[in-house]
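Structure first, commentary second.
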Amino acid sequence: MDVPTPRVSSSLLGQYVGQVVRISGKVISLSPELLIESSDGGQVTVGDSAACGTEITDEFIELIAKVETETRVKALDCSNLGDKYDLKLAQAVVDIIHNPNLRCERAPCF
């Protein structure tokens, strides 16, 4: 991707409608549409998951996706993350990235 893709969880999707983000989660269902549980426990519907170009085979995935609504994204790319991905740790990363007390003059600062 040529543009920054902020790492988010379901509770932040509303702030990024129309933008491309990264979101990781646990696969809840693949049919009729892909549904994931985000790192903060919220559910996100993934439209056009076939556009990923990767067969979803693992329990946990990361998506690069365009946010359509507060609860729905359109998949652009995806990666399988295995079956032992730590969603709590992933949420800690999201919390740190979006903590206004950790902002710096130039981005990225870490």
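So for the sequence shown, my numbering puts the first residue at 3; every next one is plus one.
By construction, the Cβ of each residue, glycine as well, lies at the ideal position given by its N, Cα and C atoms.
If you're wondering where the values come from, they're calculated on a predicted model, not measured in any experiment.
TODO: For GLY49, name the three-state secondary structure that DSSP assigns.
DONE: Here GLY49 sits in strand by DSSP.
Task: Nearest-angstrom Cα separation, counted from GLU72 out to PHE62 - done: It is roughly 21 Å from the alpha-carbon of PHE62 to the alpha-carbon of GLU72.
- [ ] Going by CA-CA distance only, name the one from ASN82, SER33, LEU15 that's closest to THR56.
- [x] Cα-wise, what sits closest to THR56 is ASN82.
- [ ] Work out the CA separation of GLY84 and ALA52 for me, nearest whole Å.
- [x] So the alpha carbons of these two residues sit roughly 19 Å apart.
TODO: Have a look at LEU91 and ASP42 and give me their C-alpha separation to the nearest angstrom.
DONE: About 10 Å.
Task: Identity of the residues DSSP links to LEU37 by a beta bridge - done: Answer is SER31, THR47, bridged to LEU37.
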